[in-house]
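The listed protein sequences correspond, in order, to chains A and B. Here the first sequence stands for residues 1 to 251, numbered as in the working numbering. Here the second sequence stands for residues 1 to 162, numbered as in the working numbering. Yeah, the Cβ is synthetic: ideal placement off N, Cα and C, and Gly gets one too. See structure below.
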Amino acid sequence: MTCDELQPLVHAYMDNELDPARCLDLERHLEGCDACRRSVQDWQKLRAQLAASKLYFRASDTLRQRIRSRLKQISRAMNSRRPWRSAIATAAMLLLIIGVMWAGIPYFRYAGDGDALAREVVADHVRSLMVDHLTDVQSSDQHTVKPWFDGKIDFSPMVRDFAEQGFPLVGGRLDYLADRPVAALVYHRRQHYINVFLWPAGNAAAEPQKSMNRDGYNVIHWSQQGMNYWMVSNLNEEELLILAGLLRQEL
Amino acid sequence: MPCLDAAHNLARWLTRNDHDAEDLVQEAMLRAFRYFESFRGERGRQWLLTIVRSTFYTRLEKNRGNELHEPMNGEALEIASYEAGPEEMAQRHETALVLRNAIEELPLEFREVLVLREFEGCSYREIADTVNVPIGTVMSRLARAREHLRLRLATTEMGAHL
Numbered sequence: 001m002t003c004d005e006l007q008p009l010v011h012a013y014m015d016n017e018l019d020p021a022r023c024l025d026l027e028r029h030l031e032g033c034d035a036c037r038r039s040v041q042d043w044q045k046l047r048a049q050l051a052a053s054k055l056y057f058r059a060s061d062t063l064r065q066r067i068r069s070r071l072k073q074i075s076r077a078m079n080s081r082r083p084w085r086s087a088i089a090t091a092a093m094l095l096l097i098i099g100v101m102w103a104g105i106p107y108f109r110y111a112g113d114g115d116a117l118a119r120e121v122v123a124d125h126v127r128s129l130m131v132d133h134l135t136d137v138q139s140s141d142q143h144t145v146k147p148w149f150d151g152k153i154d155f156s157p158m159v160r161d162f163a164e165q166g167f168p169l170v171g172g173r174l175d176y177l178a179d180r181p182v183a184a185l186v187y188h189r190r191q192h193y194i195n196v197f198l199w200p201a202g203n204a205a206a207e208p209q210k211s212m213n214r215d216g217y218n219v220i221h222w223s224q225q226g227m228n229y230w231m232v233s234n235l236n237e238e239e240l241l242i243l244a245g246l247l248r249q250e251l
Numbered sequence: 001m002p003c004l005d006a007a008h009n010l011a012r013w014l015t016r017n018d019h020d021a022e023d024l025v026q027e028a029m030l031r032a033f034r035y036f037e038s039f040r041g042e043r044g045r046q047w048l049l050t051i052v053r054s055t056f057y058t059r060l061e062k063n064r065g066n067e068l069h070e071p072m073n074g075e076a077l078e079i080a081s082y083e084a085g086p087e088e089m090a091q092r093h094e095t096a097l098v099l100r101n102a103i104e105e106l107p108l109e110f111r112e113v114l115v116l117r118e119f120e121g122c123s124y125r126e127i128a129d130t131v132n133v134p135i136g137t138v139m140s141r142l143a144r145a146r147e148h149l150r151l152r153l154a155t156t157e158m159g160a161h162l
């Protein structure tokens, strides 16, 4: 690395935002270059002065009190409206349950048994990692992965790479779930892999997003625009929800 | 309300005066509360900072013409008075004042990036999301903001030696 190459990286270096390889490069250069070392020290001095200057404006106690009491008022107002809402919600839920029971949907054995399917999803995820068969088509390019599914399944899955948001696409795989072939998309986050299974939901109504934990794996399920989605990973739920959000928006 | 200090600090640097800052924080907190009843932890903080910022820009848009209050001159700066000797204290006070003025005179888009990085410790990614610009822009704004501060400090030090 030359002095000219180093200059634009100085700030990222100080802020710990440089990747390890370039960081090493940069530090090697600093060892042999007094001028650059001094320049980095100057910047670091400025940051130390900023920190020592105590230029942080905390909220006053009066403000804290005022906001707290305002929030309490609002929350009370909201709670007093709530019994109403929950009564309606309960009634709606009851009607829905009765409706489903009447319709009796035994021909789709997973409709009433999300739990069995969740276990199957987890088992598939574990198997995909164990037998080293994570991807059939390995590519971070959505335009390679999407056409690969053509002719292998009877639908065309939405394939997007989210490398920019920290979830790079690793590839795709053909899998078998809920008694049918499904598309599996594989994403990567740090040392974790995420399997996203998707297949057509038929005419079933859209299902809201639901998170669960099975055998230590986080599972998120929803259906949207006629597609079933099941995500599974040992990644923490919070980050998994981000990917779910990304997938949902892209539809 | 663990994120309140962060919200207030950002609001104070954006508005540059206590009165507007408190108003802004209160409005932002109410807005935040309506969307979400509880927010905690790091992600909650980032989310709240984004709301503070967008509330500020909405107000700025509305108040265009009748400018927001300018910062009062000589407003007392609270500086901890621990074991530093009187001379060092004076020196540090001087530096703090220079830095504060230098930050306040930065154009908004540089000021907000600097404050999020130096006072809130946000990562480049978090700043990019909050301010809604690419990471490269965050880096170049941060570099220019710091350059400005260093220049200001250097000029005062030179002045002191004359």
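- Cα atoms of R189(A) and A90(B): separation of roughly 49 angstroms, rounded to the nearest angstrom.
- Look at the region 188-203 of chain A: it has no residue with a C-beta under 8 angstroms from a C-beta of chain B.
- Interface with chain A (7 angstroms Cβ-Cβ cutoff): H8(B) is included.
- Within chain B, no residue has its CB atom less than 7 angstroms from the CB of S211(A), the nearest being about 16 angstroms off.
- The bridge partners DSSP lists for E207(A) are S223(A).
- Residue pairing by DSSP places D175(A) opposite V182(A) in a beta bridge.
- In summary, L26(A) is buried, with 16 or more beta-carbon neighbours lying within 10 Å of its beta-carbon over all protein chains present.
- Look at H93(B) here: in three-state DSSP terms it is helix.
- Counting of Cβ neighbours within 10 angstroms places N228(A) among the buried residues, the total reaching 16 or more.
- As the crow flies, the alpha-carbon of L240(A) is around 26 angstroms from that of R31(B).
- Closer than 8 angstroms at the C-beta level to chain B, one finds these residues of the region 42-64 of chain A: D42, W43, L46, R47, Q49, L50, A51, A52, S53, K54, L55, Y56, F57, R58, A59, S60, L63 and R64.
- D175(A) is classed as buried because its beta carbon has at least 16 other beta carbons within 10 Å across all chains shown.
- Not one beta carbon of chain A lies nearer than 7 angstroms to the beta carbon of M158(B).
- As the crow flies, the alpha-carbon of E5(A) is around 23 angstroms from that of L151(B).
- Under DSSP, N218(A) takes part in a beta bridge, and its partners are N213(A) and S233(A).
- With the criterion set as a beta carbon lying under 8 angstroms from some beta carbon of chain A, the members of the region 120-144 of chain B are S123, Y124, R125, M139, L142 and A143, in sequence order.
- For P107(B), the secondary structure class from DSSP, reduced to helix, strand or coil, is coil.
- With respect to the 7 angstroms criterion, R58(A) and D5(B) are classified as neighbours on the basis of their beta carbons.
- Put simply, of L18(A), D34(A), A118(A) and G226(A) the residue whose alpha carbon is nearest the alpha carbon of V219(A) is A118(A).
- If you compare the alpha carbons of S54(B), N17(B) and R12(B) with that of T130(B), the shortest gap goes to S54(B).
- Rounded to whole angstroms, K152(A) and R117(B) show a C-alpha spacing of 49 angstroms.
- Around L246(A), the same chain offers R160, F162, Q165 and F167 as residues with beta carbons nearer than 8 angstroms, after the five sequence neighbours per side are excluded.
- In the structure shown, R16(B) falls within a coil segment according to DSSP collapsed to helix, strand and coil.
- In the assembly as shown, H8(B) is a buried residue. Its beta-carbon has 16 or more other beta-carbons within 10 Å.
- No residue range can be given for I153(A), since it is assigned to no alpha helix (DSSP H) and is classified by DSSP as neither H nor E.
- Here DSSP, grouped into helix, strand and coil, assigns R58(A) to coil.
- Closest in C-alpha terms to D136(A), from the list L235(A), S53(A) and W148(A), comes W148(A).
- Here the C-alpha atom of V98(B) lies approximately 37 angstroms from the C-alpha atom of A21(A).
- Judged by DSSP in its simplified three-state form, H148(B) adopts helix.
- When the alpha-carbon of E207(A) is set against those of H192(A), Q73(A), S223(A) and L30(A), the nearest one is in S223(A).
- Linking A201(A) to V121(A) through their CA atoms gives a straight-line distance of about 16 angstroms.
- Nearest in C-alpha terms to V25(B), of all of R34(B), A11(B) and R16(B), is A11(B).
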